[in-house]
Structures are given as structure tokens and as C-alpha cells.
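Heads up, the thing below is written out as C-alpha cells.
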Amino acid sequence: MGFKCRSWQHIVLMGAFVALLQGCGGAPAGQSSSTTTTTPTTGTGSNGSGTATPNDSTGEETISFTSNSADQIVIRGQGGNETSVVNFRVATIGGTAVADRNISFEISNTLGGARLLSDTGTTDASGNVSTTIQSGTVAAAIRVTATLADDKTAVSSEVQISTSTFIASSFPLTADGDDVVAPFAGIDAIDPSITGPYLLVEEASNVAGVEVGLQMIATDQFGHRVLNGSAITIVSPETGLVEPARCVFTAGVCRATFFTNAGVSPYSLVSLMAYANGAEAFTDQNGNNIFDMGEPFTDLGEPFVDENDNGTYDLGEFFVDADSDGMYDSAGNGEWDGPCLTEPNLCPGEDSTIISSTLTLRLLPIEAPTPTPTPMP
3 MGFKCRSWQH IVLMGAFVAL LQGCGGAPAG QSSSTTTTTP TTGTGSNGSG TATPNDSTGE
63 ETISFTSNSA DQIVIRGQGG NETSVVNFRV ATIGGTAVAD RNISFEISNT LGGARLLSDT
123 GTTDASGNVS TTIQSGTVAA AIRVTATLAD DKTAVSSEVQ ISTSTFIASS FPLTADGDDV
183 VAPFAGIDAI DPSITGPYLL VEEASNVAGV EVGLQMIATD QFGHRVLNGS AITIVSPETG
243 LVEPARCVFT AGVCRATFFT NAGVSPYSLV SLMAYANGAE AFTDQNGNNI FDMGEPFTDL
303 GEPFVDENDN GTYDLGEFFV DADSDGMYDS AGNGEWDGPC LTEPNLCPGE DSTIISSTLT
363 LRLLPIEAPT PTPTPMP
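Going by our numbering, the letters in the sequence shown line up with residues 3 to 379, in that order.
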């Protein structure tokens, strides 16, 4: 059989071609591949399975707080949401969920009978576990501690137990802004029948678009913030614009803006009124945090805007018809109105009434001197 010699260049090229195919995972027929397949190392994770990662190599487990279903709940028996679900999660340092771990829970205090609906729990497939706070009959701030394996703990954020309801004694509408002068109190030199208090707003009468910032910091009877999303209505029936008229609370504060309008006489008084459903103020004589029959309280009539500044309601003036009878009622109903224990006959009044706050502005003309109040006799 004949043999044909090939040049050394051809041999080198063919060797390089075969090496290239092997590097890509293949080779011509009759050529063997030396490619090695590496299988990821599967370790025994903290939940018994899973692919190990560099940060997960120790399998060390941790517990962390994740969320509360509600940061504010109401005192038990006063109506509203009385529970908050407190959530935790167990995972390895690398983030792998850990199932079937037993967790114990502890509440920070039990004032007024506040309690946990469960003292223990077991993590699910996602590593999650939870317990539920049930409010008591006393205002309090509650935290939950979750313990894993006796030595690893996590603490929840605070859950506030309170009435979370507006109360008339802590419902002030205030104002600020570049054109607002310090509050005026005393006998008004321009109109001695007006004794204040009110706020002076410079260069605002007969001028459209002067802005006055409005603010309310409202609390319940314990000085705790009202629920996020609670809202008041602000009206200005005499002149101007309030925006937004529905002022929504975040972290205990709501803010709006009053815009002046043209056509207002110099030194005019403008009254703004904020109102909402809330509780009448009372004196808690026995310290049990609820109204009891016989305790002193302020019985509120229907709020109105005193548009002619004579101190009384006159037909045609704006008022809030709390009982929807189509008539202005200056006197209250003779009963305390506010959130009460839900058992019958403890509070004959209504669960809430209309409470209000009035802010009066005096709009000064352009380049007018600021009036100086004469002290009250």
C-alpha cells in the first residue's frame, strides 16, 4: 500500500483544529473528548437541603423581625382594630429560609391585660413565624421579643395601644408662612370690639394668591398620634381657598394651604374652621382611661363659623349639622360623646361627635403698619 507523506505544516494545523474542537466540548468521529463536567457541591443546609453558597457555608441561623400588620391598635372594648400580627423570619446568614424551627415569644408589658395570643410558633417553609398582640384596657407601647434556640433573639418595632381618636382638647388648627406675623391678642385698636386672638397676615387684603400654611398636630387623650390616614375637613366660607380641604394625617400631622382672594376689605377678619368626628374632652377622675358616668366633660354644641364676628351664631352662617336635623343646635346632647366600652349602658352618649378648631386671620393691606394690641384690662 502506498504512503503519501504530508508536510509538517499540515500536521500542525490538523492538531490545532482537533484541540479547538475539544475545547468546545466535541471532537471528530474516532477522537475522544477529555472535557470534565463539574457538579455543584450540594451541602446540607440549615433546612436540610439546598445549594451551598460562599456566604452560607457555615449554615449559621439567625432570626429577624420583618413587620407588624398594624403599628397602632385601639384600647380593648372601644371599637376598632384591637390586634396586630407581629412577623419574624429565620434564615441562614446567606439568606436560606429555615423551616421547622421552634420560636418562643415574649411581650414587653401586660398593662391593662395586653397579651400575646400565642407564646410559641414554628417557622414555615419560607422561614416565617408570627404571633398576635391583643390590646388591653390601658394605653401602652408594646414590643415582642422572639427567641431562637435560647440564645438568638429579635425585637419587633413598637405597637401603640391607644384610643387613636381625635379629642376636642387636643385639636388645634395653626398657621405659619412668610407673611404671618406673631399672634395678636388684646384689644384691637382698629376695632375695639375684637379682642383676638388671631394671626396677622401682611399685604394680604384685596390680594389674590397670598399663601398661609395650615397645620394641625392632633393627638388622642393620651397624647398619642391619631391613626395614619385619619382626616379632617378645613373650610373657609368667607373668602379664599383651602387646599386640600380634606387634610390627611401622617405621623400625627396634617398640612394644607390657605390662598387669599381679591375683593377683601382692608383689615378684614377671615375665620377658618377644621372639624372631624372625635371625642368630647373629659376629666378622668379615677385614672381608668375611660369615661365613667358622673365625670366632668365639655358638652359640645354644633360648630359654626362666626362670619360677622359677634360671638354668636346668626342665621345664614356656616355650621356643621351634627345631628342632621336642618337646624343649628348651640347646646350639646347632655351626654358625653366619644369611644366607650362596648358593653351596654356604660355610656349613653354617641360614639363620637363633631369637634372643631377655629383659626382667625386678619388680612392687612399692602404697606400697612402692623397694629399694636392694647393689653386686656
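Even for Gly, the Cβ is constructed at its ideal location relative to N, Cα and C. Just so it is clear, the structure is predicted and the values come from calculations on it, not from any experiment.
Item to complete: Please work out which residues of its chain come closer than 8 angstroms, Cβ to Cβ, to A127, disregarding the five sequence neighbours upstream and downstream, and give them in chain order.
Response: For A127, the CB contacts under 8 angstroms within the same chain, skipping 5 residues up- and downstream, are A99 and A101 in chain order.
Discussion item. Quick check: what's the CA-CA separation for G296 versus I65?
Written reply: 51 angstroms
Item to complete: Answer yes if the segment 249–266 comes into contact with the segment 288–295, meaning at least three C-beta pairs across the two stretches below 8 angstroms, and no otherwise.
Response: no
Worksheet item: Can you give the Cα-Cα distance for T165 and Q80, rounded to whole angstroms?
Response: 7 angstroms
Worksheet item: Ends of the beta strand (DSSP E) at Y277?
Response: Element bounds for Y277: S270 to G280.
Practice prompt. Please name the residue in L317, G114 and V87 whose C-alpha comes closest to that of T134.
Written response: Closest by alpha carbon: V87.
Worksheet item: So what does DSSP say about G313, is it helix, strand or coil?
Response: coil
Worksheet entry | N89 to V146 span [Cα, whole Å] | 10 angstroms
Fill in: Through-space distance from L271 to T362, alpha-carbon basis
T362 and L271: Cα-Cα distance of roughly 7 angstroms.
Worksheet entry | Element boundaries [beta strand (DSSP E), containing M218] | E213 to I219
Practice prompt. Buried or exposed for P350, please, with buried defined as at least 16 other CB atoms from any protein chain shown within 10 angstroms of its CB.
Written response: P350 is exposed by the Cβ-count criterion.
Worksheet item: Which residues in the same chain as S267 place their Cβ atom closer than 8 angstroms to its Cβ, once the five residues preceding and following it in sequence are excluded?
Response: S207 and N208
Worksheet item: Just curious, the beta strand (DSSP E) that S132 is in, first and last residue?
Response: N130 to Q136
Worksheet entry | Nearest-angstrom beta carbon gap, V307 and M275 [assumed within contact, 8 angstroms] | 5 angstroms
Item to complete: Classify L119 as buried or exposed, calling it buried when 16 or more other Cβ atoms lie within 10 Å of its own Cβ.
Response: exposed
Worksheet item: From P305 to G215, what does the alpha carbon distance come to, in whole angstroms?
Response: 23 angstroms
Discussion item. Which of the three DSSP states is assigned to G123 in this structure?
Written reply: In the structure shown, the three-state DSSP call for G123 is strand.
Item to complete: Just grab the DSSP bridge partners of I234 for me.
Response: The bridge partners DSSP lists for I234 are C249.
Item to complete: Report yes if the CB atom of I109 is closer than 8 angstroms to the CB atom of R117, and no otherwise.
Response: yes
Discussion item. DSSP three-state label for S171, please.
Written reply: Three-state DSSP puts S171 in a helix.
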